[in-house]
Structures are given as C-alpha cells and as structure tokens.
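Novice:
In my numbering, the protein residues as written are 13 to 90.
1. Put residue 58 into one of helix, strand or coil per three-state DSSP.
2. Could you check whether the region 53-68 touches the region 77-86, counting it as contact only if at least three pairs of C-beta atoms, one from each stretch, sit closer than 8 Å?
3. Here's a check: name, in chain order, each residue in its chain whose Cβ is nearer than 8 Å to the Cβ of residue 39, leaving out the five neighbours to either side.
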C-alpha cells in the first residue's frame, strides 16, 4: 500500500495533477492511523504524537520557505 502511494506521488506531477492536496491527505491519513493505533488498540490517550506531527510540518514549511529547498527533500527532513 505504501509503495503504491509512493509510485502515485512520483507519477502525479508528470501527468499534470496538483500534488499538494495529495500530500495533505497522506499526512492526515498517517495521523489518523497513528491515533487509531495509540487510542484504539492500546487504549492509551496521548496527544504527544500530534505535537510531533505539528513540529515536523512547521520545520518542513520553514525549510521550504526560507532556505528554498525542494519540498520532497524537506518532507523527509521534517
């Protein structure tokens, strides 16, 4: 499943699709899956992982905006 999403994100810009909404959707999917794992299966209420998602998004935005680095590289750094 993850490999298929990676291939899709690699092909999407080549055929003229806007990729930003797809990245947002993937981020929200990852957040929902992690929250389901923590709160659903383990039954532990923790919002710390949401803070780490926010910090990663902030770092990514700052790297793209201020340093003009490629967004895909910044996603992996952030």
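Note that the Cβ used here is the ideal one computed from N, Cα and C, for glycine as well.
Specialist: According to the structure data:
1. coil
2. no
3. 65, 69
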